[in-house]
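Asker:
In this note's numbering, the protein residues as written are 824 to 1415.
1) By the three-class DSSP mapping on this structure, what secondary structure does residue 1309 have?
2) So which of 1232, 1240, 1274 and 1246 has the shortest CA-CA distance to residue 1254?
3) Exposed or buried, what is residue 1168 when buried is set at 16 or more other beta-carbons lying within 10 Å of its beta-carbon?
4) Just to confirm, is the Cβ distance from residue 955 to residue 968 under 8 angstroms?
5) So what's residue 956 in DSSP terms, helix, strand or just coil?
6) Among residues of its own chain, excluding the 5 on either side of residue 1158, which ones have a beta-carbon nearer than 7 angstroms to its beta-carbon?
7) Could you have a look at residue 1410 and say whether DSSP puts it in helix, strand or coil?
8) Could you give the distance in angstroms between the alpha-carbon of residue 1153 and the alpha-carbon of residue 1160?
9) If you follow the beta strand (DSSP E) that residue 947 is part of, which residue opens it and which one closes it?
10) Does the distance from the C-beta atom of residue 1267 to that of residue 1287 stay below 8 angstroms?
11) Output the boundary residues of the alpha helix (DSSP H) element that contains residue 827.
12) I'd like the span of the beta strand (DSSP E) that includes residue 868, first residue to last.
13) Select from 982, 999 and 848 the residue whose C-alpha is nearest the C-alpha of residue 837.
14) Can the beta-carbon of residue 1017 be found less than 8 angstroms from the beta-carbon of residue 1026?
15) So, does the segment 852-861 touch the segment 891-906, judging by three or more C-beta pairs under 8 angstroms?
16) Do residue 879 and residue 887 come within 8 angstroms of each other at the CB atom, strictly closer than that value?
17) Grab the span of the beta strand (DSSP E) containing residue 1162 for me, first residue to last.
18) On the DSSP bridge list, what partners appear for residue 1144?
19) Is the beta carbon of residue 896 sitting closer than 8 angstroms to the one on residue 853?
20) What residues match up with residue 1249 in a beta bridge as DSSP calls it?
21) Apply the 10 Å Cβ neighbour rule to residue 1399 and answer buried if 16 or more other Cβ atoms are within range, or exposed otherwise.
22) Measure the Cβ-Cβ separation of residue 1404 and residue 1394 and say whether it is below 8 angstroms.
23) Give the C-beta separation of residue 939 and residue 928 to the nearest angstrom, bearing in mind that I take them to be a contact with Cβ-Cβ under 8 angstroms.
24) For a test of the three-state rule: what should DSSP assign to residue 1074, helix, strand or coil?
25) Measure the C-alpha to C-alpha separation of residue 1011 and residue 973 and round it to an integer number of angstroms.
26) Which of the three DSSP states, helix, strand or coil, is assigned to residue 847?
27) Three-state secondary structure (DSSP) at residue 907?
28) Please report the straight-line C-alpha distance between residue 902 and residue 937, rounded to a whole angstrom.
29) DSSP has residue 1201 in a bridge; who is on the other side?
30) Can you find the residues in the same chain that come closer than 6 angstroms, C-beta to C-beta, to residue 1145, ignoring five residues on each side of it along the sequence?
31) State the Cα-Cα distance for the pair residue 989 and residue 952, rounded to the nearest angstrom.
32) Note down the Cα distance separating residue 1194 from residue 1202, rounded to an integer number of angstroms.
33) Assign residue 992 to one of three DSSP states: helix, strand, or coil.
34) Within the continuous beta strand (DSSP E) that includes residue 1029, where are the two ends?
35) Thinking just about the alpha-carbon of each residue, which of 1052, 998, 1306 and 1065 is nearest to the one in residue 1024?
36) Can you tell me whether residue 1416 is buried or exposed? The criterion is at least 16 other CB atoms within 10 Å of its CB, across all chains shown.
Set out below in structure tokens:
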């Protein structure tokens, strides 16, 4: 009975006996095989762990899931609510779960960032403080405004009324002025007539501003617009505007009295009378009344006369010398006019002009006035100026403009001044163009060991293998400790080439070959040769031979080999013999 004696079914399998030693195991779930010894791998067959969980097999159909962060449950199917377990959203933010450990925060106003931890600067975002107020952030959307002078309110939007700062105050505008508020502490005063200044404190001098007093009267200022006129003799009225009458019926003897200004009066004489009071009778032309060379003419049929005045004089008696300088046509066009007698005048001409009326503009431009081909241009009077050709400057175009600057010729090109605006750049051998701005590869720039290319507007040498340097002028030494395989002396050649002088026992381009000394006829003449490194080798000599090359016989004659005076004779191989003296025998003459 195998089931009873051996208990072959493992892992809880049920055993059924058959004839002989046969049996059968009925395996529990999760096991199989003849003895139910093989465990099913639930992890690899069923892959029960979800959401990237790691499966660990247990006995039978048992297994354990090690879940990824954010998941739980037997098969890692339950998505952990980060929002409810960790409450990651600060400052009253609303949390919405995502997949696994992911979540999203809907922040309350005034906060931001992943977890609503960053307090938004309302001051920086919206600049709520007006009129120059200083903003100080609080929590969330809270802020405080420190208002500029003249403003108040949460956002400093209210303007302080400077005009009426308190119920009992009259404001800053004095002398009855009306106040109008402006921005902040600003205000404007509208002053009553007669006052001015910012606060209407200055009493305007009405006398100076308007000169109200007439006819030479003196003005005396009062407060505001008040004033008083002190009239001179002959006038009265508020502004001394009334001219008092001084004419009397008897003043003008033969004429009519004419009131003048103030106490001034004159007489308008009748025909044939003259004088201040019309008390002088005229006797026609015999009186020689025409002045300044005027001619007297009697008017036919009457006692009247008339004066014919010479040029430059006028008036009833030619008594007035006319101002010729002011009469047309214009006198002294480019100069100053001085009156003479009658119609005579003289002109003092401005610099650069001449002629009786200063009408001639003198030509002060000369061929040598402007240098280097400049054009002379006359100005008013003596003034001239030069229009210079390109490349020259100065009052007389005598200065050659320096067009060469540190930056005109590029890439170390040399600037050479020419005449006027002409300049030339002498470029280095790797650049060309008017300002040396274009890079080029000159012939032979990199020698014979490289190729010249233009890269980023600069000539650059790409060197052949084995060469280096800005111009590929340096031959790279390719010999180092590993050259020639360490079996010879390396000699550097052009570029990457080199040659090897191999040590004894080695040959080849890199001394890579080891000479087989055993192939030489001198090696191990009577023995077996084993090749070593280089010229080294070892010999295992045949019996009867020795020496480095097994070339010597194995036994040799020496002083002690033949005894009793015997003579040693060497044979071939290992054979030696003794020639014994008389009386002795044996292979070594040892027997007497």
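The beta carbon of each residue, even a glycine, is placed where N, CA and C say it ideally should be.
Answerer: This is what the structure gives:
1) Position 486 of the chain shown, counted from the first residue, corresponds to residue 1309. Residue 1309 sits in a helix when the DSSP states are folded into three classes.
2) Locating residue 1254 in the chain shown gives position 431, counting from the first residue. The option with the nearest alpha carbon to residue 1254 is 1232.
3) One-based indexing of the chain shown puts residue 1168 at position 345. That one is buried.
4) Translated into positions along the chain shown, residue 955 becomes position 132. Translated into positions along the chain shown, residue 968 becomes position 145. Between residue 955 and residue 968, the CB-CB gap reaches or exceeds 8 angstroms.
5) In the chain shown, the residue the question calls residue 956 occupies position 133. It is coil, neither helix nor strand.
6) Position 335 of the chain shown holds residue 1158. Counting only Cβ-Cβ distances below 7 angstroms, and skipping sequence neighbours, we find 1170, 1171, 1172, 1173, 1176 and 1181.
7) Position 587 of the chain shown holds residue 1410. In the structure shown, residue 1410 falls within a coil segment according to DSSP collapsed to helix, strand and coil.
8) Looking up residue 1153 in the chain shown gives position 330. Looking up residue 1160 in the chain shown gives position 337. Cα to Cα, residue 1153 sits roughly 10 angstroms from residue 1160.
9) Counted from its first residue, the chain shown places residue 947 at position 124. No beta strand (DSSP E) contains residue 947, which is instead part of the alpha helix (DSSP H) from 945-949.
10) Taking the chain shown and counting its residues from 1, one reaches residue 1267 at position 444. Taking the chain shown and counting its residues from 1, one reaches residue 1287 at position 464. No, these two residues do not count as a Cβ contact at 8 angstroms.
11) The sequence position of residue 827 within the chain shown is 4, counting from 1. Following the DSSP letters along the chain, one finds residue 827 inside the alpha helix (DSSP H) bounded by residues 825-828.
12) For the purposes of this step, residue 868 is identified with residue 45 of the chain shown, where counting begins at 1. First-last for residue 868: 865-869, but that is the alpha helix (DSSP H), not the beta strand (DSSP E).
13) Taking the chain shown and counting its residues from 1, one reaches residue 837 at position 14. Ranked by how close their Cα comes to the Cα of residue 837, the residues 982, 999 and 848 have 848 in first place.
14) Walking along the chain shown from the start, residue 1017 turns up at place 194. Walking along the chain shown from the start, residue 1026 turns up at place 203. With respect to residue 1026, residue 1017 sits close: the two C-beta atoms are nearer than 8 angstroms.
15) Two segments are said to touch when three or more pairs of C-beta atoms, one from each, lie closer than 8 angstroms; by this definition the segment 852-861 does not touch the segment 891-906.
16) Locating residue 887 in the chain shown gives position 64, counting from the first residue. Locating residue 879 in the chain shown gives position 56, counting from the first residue. It is a contact, given that the beta carbons lie within the stated cut-off.
17) Indexing the chain shown from 1 puts residue 1162 at position 339. Per DSSP, the unbroken beta strand (DSSP E) holding residue 1162 starts and ends at 1158-1162.
18) In the chain shown, residue 1144 corresponds to position 321, counting from 1. Partner(s): 1136.
19) Position 73 of the chain shown, counted from the start, is the residue given in the question as residue 896. Position 30 of the chain shown, counted from the start, is the residue given in the question as residue 853. Their beta carbons are not under 8 angstroms apart, which means residue 896 does not touch residue 853 by this criterion.
20) In the chain shown, residue 1249 corresponds to position 426, counting from 1. Looking at the DSSP output, residue 1249 bridges to 1237.
21) Within the chain shown, the letter at position 576 stands for residue 1399. Counting the other CB atoms within 10 Å of its CB gives residue 1399 a total of 16 or more, which places it among the buried residues.
22) Within the chain shown, numbered from 1, the residue matching residue 1404 stands at position 581. Within the chain shown, numbered from 1, the residue matching residue 1394 stands at position 571. No, the pair does not count as a contact, with Cβ atoms beyond the cut-off.
23) Numbered from its first residue, the chain shown carries residue 939 at position 116. Numbered from its first residue, the chain shown carries residue 928 at position 105. Rounded, the Cβ-Cβ distance is 5 angstroms, consistent with contact.
24) For this step, residue 1074 is matched to residue 251 along the chain shown. If DSSP states are grouped into helix, strand and coil, residue 1074 belongs with coil.
25) Indexing the chain shown from 1 puts residue 1011 at position 188. Indexing the chain shown from 1 puts residue 973 at position 150. The straight-line gap from Cα to Cα measures roughly 14 angstroms.
26) Locating residue 847 in the chain shown gives position 24, counting from the first residue. Strand.
27) Taking the chain shown and counting its residues from 1, one reaches residue 907 at position 84. Looking at residue 907 - three-state DSSP - the assignment turns out to be helix.
28) On the chain shown, position 79 is the one that residue 902 refers to. On the chain shown, position 114 is the one that residue 937 refers to. Residue 902 and residue 937: Cα-Cα distance of roughly 20 angstroms.
29) By 1-based counting over the chain shown, the position of residue 1201 is 378. Beta-bridge analysis with DSSP links residue 1201 to 1207.
30) Numbered from 1 along the chain shown, position 322 holds the residue referred to as residue 1145. In its chain, beyond the 5 residues on either side, 1135 and 1137 have a beta carbon closer than 6 angstroms to the beta carbon of residue 1145.
31) As a first step, residue 989 must be located in the chain shown, where it is residue number 166. As a first step, residue 952 must be located in the chain shown, where it is residue number 129. Note on residue 989: pLDDT 45, under 50, position unreliable in the model; the coordinate value appears next. When only Cα atoms are considered, residue 989 and residue 952 end up about 26 angstroms apart.
32) Translated into positions along the chain shown, residue 1194 becomes position 371. Translated into positions along the chain shown, residue 1202 becomes position 379. Taking the straight line joining both Cα atoms gives about 18 angstroms.
33) Counted from its first residue, the chain shown places residue 992 at position 169. For residue 992, the pLDDT reaches just 44, beneath the cut-off of 50, and the residue's location in the model is therefore unreliable, although a value from the coordinates is still provided. Coil at residue 992, not helix or strand.
34) As a first step, residue 1029 must be located in the chain shown, where it is residue number 206. Looking at the DSSP string, residue 1029 is not in any beta strand (DSSP E); the run it does join, the alpha helix (DSSP H), is 1029-1033.
35) Looking up residue 1024 in the chain shown gives position 201. Of the candidates 1052, 998, 1306 and 1065, the one whose C-alpha sits nearest the C-alpha of residue 1024 is 998.
36) The chain is shown from 824 up to 1415; residue 1416 falls before or after that span and cannot be answered.
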